[in-house]
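**Q**
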Amino acid sequence: MIILNKIRSLDLFRLPTLRRVSSIAINTVKKTSFDKKFDGIVNKKTKPWERDGFPDRETWFKKKYAHIHAKQKKKQAYLEQLAKLHELKKQERISHKQKYINNLSTTKQRNTISKSSLLEYIYGTNCVIAALMNKNRKNFYRLLYSNDSVLKNNPQLSRLIKEKNLKTVLTNKHELTLLTKNSVHNGLVLEVKPLDPLEITHLGPVNMEDATFQINTYQNEFDSLVLASSHKNIVHCKYMLKQNSNKLYPLGVYLDEVTDTHNLGAILRTSFYLGVDFIVISRRNCAQLSPVVNKCSSGAMEYIPIYMVDKPLTFFDKSQKKGQWTFITSCIEQNNKKTQISKLPLTDMHGLLEHGPVMLVVGNEGRGVRTNLQLKSDFAVQIPFGGPVESQSNIDSLNVSVATAILLSNLLPSSES
Numbered sequence: 001m002i003i004l005n006k007i008r009s010l011d012l013f014r015l016p017t018l019r020r021v022s023s024i025a026i027n028t029v030k031k032t033s034f035d036k037k038f039d040g041i042v043n044k045k046t047k048p049w050e051r052d053g054f055p056d057r058e059t060w061f062k063k064k065y066a067h068i069h070a071k072q073k074k075k076q077a078y079l080e081q082l083a084k085l086h087e088l089k090k091q092e093r094i095s096h097k098q099k100y101i102n103n104l105s106t107t108k109q110r111n112t113i114s115k116s117s118l119l120e121y122i123y124g125t126n127c128v129i130a131a132l133m134n135k136n137r138k139n140f141y142r143l144l145y146s147n148d149s150v151l152k153n154n155p156q157l158s159r160l161i162k163e164k165n166l167k168t169v170l171t172n173k174h175e176l177t178l179l180t181k182n183s184v185h186n187g188l189v190l191e192v193k194p195l196d197p198l199e200i201t202h203l204g205p206v207n208m209e210d211a212t213f214q215i216n217t218y219q220n221e222f223d224s225l226v227l228a229s230s231h232k233n234i235v236h237c238k239y240m241l242k243q244n245s246n247k248l249y250p251l252g253v254y255l256d257e258v259t260d261t262h263n264l265g266a267i268l269r270t271s272f273y274l275g276v277d278f279i280v281i282s283r284r285n286c287a288q289l290s291p292v293v294n295k296c297s298s299g300a301m302e303y304i305p306i307y308m309v310d311k312p313l314t315f316f317d318k319s320q321k322k323g324q325w326t327f328i329t330s331c332i333e334q335n336n337k338k339t340q341i342s343k344l345p346l347t348d349m350h351g352l353l354e355h356g357p358v359m360l361v362v363g364n365e366g367r368g369v370r371t372n373l374q375l376k377s378d379f380a381v382q383i384p385f386g387g388p389v390e391s392q393s394n395i396d397s398l399n400v401s402v403a404t405a406i407l408l409s410n411l412l413p414s415s416e417s
């Protein structure tokens, strides 16, 4: 009763605190050894190998993870093999590169070809032989060849080398290709001073007795004043007189604004083959006489005389007045309508060389001969169009080398015809 009265005498707000204290006291009671063992038996965790029915842990690990280890070993072996292959390829590349570098250095030491901007390099068998036979060329430096058979199989070339006492250098084709800028050189390249054509002012009269004609030449204004007083600037040139033909006077070809090297080379080759006596080109607006032109002409540039003119209008005027030369210009139909020039039919050109010297003037295939030169000419000739009249094609002209060949064939008929 005393205890109950004491409890009742406690304040009601203290009851929750008493409850918490009592619960803490109960939880803090230590478990006995029996409780521990009982909990271990009830909540016992089975081992994985026991659960899967294996006697021990080692057997269980081998059974479960053996395939993974095999894959790892296989992958590792593959990676090692791949690394060996990469290393082998790397060594092969290094070895090949080193071999190439050694060969290149040996080749450079053996064949060191220095190219000079003051010289030109004539290539091709025909062009080299023609250059060695040209009397106007005097400074030959050396002949580069790629194989001994190139010289042995050409007796004419071997003879010219001995006559000129020419130095020969054995090299490889790659060096020759570099010198000729990837052109067909046939294993031969001649290093020589560029050809310097004779510059002339005008053409003089023709002497039919000895088949010669005069040309007036000079190098500069001072030389022209000195030489004019002594008449040493007059040169007598031989021209070809064909027997049993109507060619009694010389024939020349003047090239105006022919800038394409291939066309220029083709004109030189055609002119030499058909029997033209000389070529006159303008210094300022024509292609240079380069090794490319020489190759396109197949060496004809070395055989036919070529002269240079600095003042075309003066050349036309003085040649007509002092030398009685007849200038015939090729024209295009559009240009011919603008200029009042006597038009000469193509069929009437056959007998012109029976009456006097003739100079055929040809221009580029785009604009033709310049108008001021057409006005200075004596006649204009045009190749008639033989295609369909109602044709809508853009082919209204010929290549300048082809047109030159047609005009020359009418001026220079063969002896059989």
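According to the UniProt record's numbering, the residues represented by the sequence shown are 1 to 417, in order.
We treat Cβ as the ideally placed atom computed from N, Cα and C, and that holds for glycine.
(1) Skipping 5 residues on each side, what residues in its chain have a beta carbon closer than 6 Å to that of P305?
(2) According to the neighbour-count rule (16 or more other Cβ atoms, all chains shown, within 10 Å of its Cβ), is Y65 buried or exposed?
(3) If distances are taken between C-alpha atoms only, which option among K295, L264, P197 and Q76 comes closest to A130?
(4) If you draw a straight line from the alpha carbon of V358 to that of T329, how long is it in whole angstroms?
(5) Rounded to whole angstroms, what is the Cα-Cα separation between K193 and T201?
(6) Starting from M208, trace the beta strand (DSSP E) both ways and give me its first and last residue.
(7) Compare the beta carbon distance of P197 and M308 with 7 Å and say whether it is the shorter of the two.
(8) Alpha carbon to alpha carbon, what distance is there between L178 and T107?
(9) Just how far apart, CA to CA, sit D210 and V169?
(10) Please identify the residue among Y254, T261 and P291 whose C-alpha is closest to the C-alpha of V276.
(11) Is the beta carbon of N263 less than 7 Å from the beta carbon of V402?
(12) Leaving out five residues on either side along the sequence, give the residues of the same chain with a beta carbon under 8 Å from the beta carbon of K89.
(13) Is it a yes or a no for the segment 133-148 touching the segment 68-86, going by three-plus beta-carbon pairs under 8 Å?
(14) Rounded to whole angstroms, what's the CA-CA distance from G368 to I234? Just pull it up for me.
(15) Return the bridge partner residues of R142 from the DSSP annotation.
(16) Secondary structure at I158, three-state DSSP: helix, strand or coil?
(17) Ignore the nearest five residues each way along the sequence and tell me which others in R161's own chain have a CB closer than 7 Å to its CB.
(18) Is the separation between the beta-carbon of N410 and that of M349 shorter than 7 Å?
(19) Could you tell me if G351 is buried or exposed, where buried requires 16 or more neighbouring beta carbons within 10 angstroms of its beta carbon?
(20) Under the three-state reduction of DSSP, which class applies to Y273: helix, strand or coil?
(21) Do you know whose CA, among C237, Q382, L268 and E354, lies nearest C127's CA?
(22) Using a 10 Å radius around the Cβ and a threshold of 16 neighbouring Cβ atoms, would you call H96 buried or exposed?
(23) The alpha helix (DSSP H) with Y307 in it runs from where to where?
(24) If you count every other CB in all the chains shown that lies within 10 Å of the CB of E191, and 16 or more means buried, which is it?
(25) Y123 and H185: beta carbons closer than 7 Å?
(26) Does DSSP put E120 in a helix, a strand or coil?
(27) Whole angstroms is fine: what's the gap from T314's alpha carbon to L132's?
(28) Going by alpha carbons, who is nearest to A287 out of P384, T259 and S116?
(29) On the DSSP letters alone, give me the boundaries of the alpha helix (DSSP H) that Y303 sits inside.
(30) For the beta strand (DSSP E) that contains T326, what are its first and last residues?
(31) Run the CB neighbour count on P312, radius 10 Å, all protein chains shown included, and call it buried at 16 or more, exposed below.
(32) Strictly by DSSP, which residues pair up with S95?
(33) Buried or exposed: E80, going by 16 or more other Cβ atoms within 10 Å of its Cβ?
(34) Does DSSP classify G351 as helix, strand or coil?
(35) Measuring alpha carbon to alpha carbon, tell me which of V280, G187, L195 and P388 ends up nearest N154.
(36) For L360, which residues does DSSP report across the bridge?
**A** Here's the rundown:
(1) F278
(2) exposed
(3) K295
(4) 11 Å
(5) 25 Å
(6) M208 -> no beta strand (DSSP E), and no H or E assigned at all.
(7) yes
(8) Confidence at T107 is low in this model, with a pLDDT of 49, below 50, so its placement is unreliable and no value can be given for it.
(9) Roughly 45 Å between the two C-alpha positions.
(10) Comparing Cα positions, the closest option is Y254.
(11) no
(12) none
(13) no
(14) 32 Å
(15) Here R142 is bridged, per DSSP, to K167 and E191.
(16) The sequence given here places Ser at residue 158; Ile does not occur at that position. It is helical.
(17) First, the amino acid is wrong: residue 161 is Ile here, not Arg. Answer for I161: L143 and T168, listed in chain order.
(18) It is a contact, given that the beta carbons lie within the stated cut-off.
(19) Answer is exposed; the Cβ neighbour count stays below 16.
(20) helix
(21) L268
(22) exposed
(23) Counting along the chain, Y307 falls outside any alpha helix (DSSP H), though it belongs to the beta strand (DSSP E) covering I306 to V309.
(24) Buried, because 16 or more other Cβ atoms sit within 10 Å of the Cβ of E191.
(25) yes
(26) Per DSSP, reduced to three states, the secondary structure at E120 is strand.
(27) 35 Å
(28) T259
(29) A300 to Y303
(30) T326 to S330
(31) Buried, by the Cβ-count rule.
(32) S95 is not bridged to any residue.
(33) exposed
(34) coil
(35) G187
(36) V253 and I328
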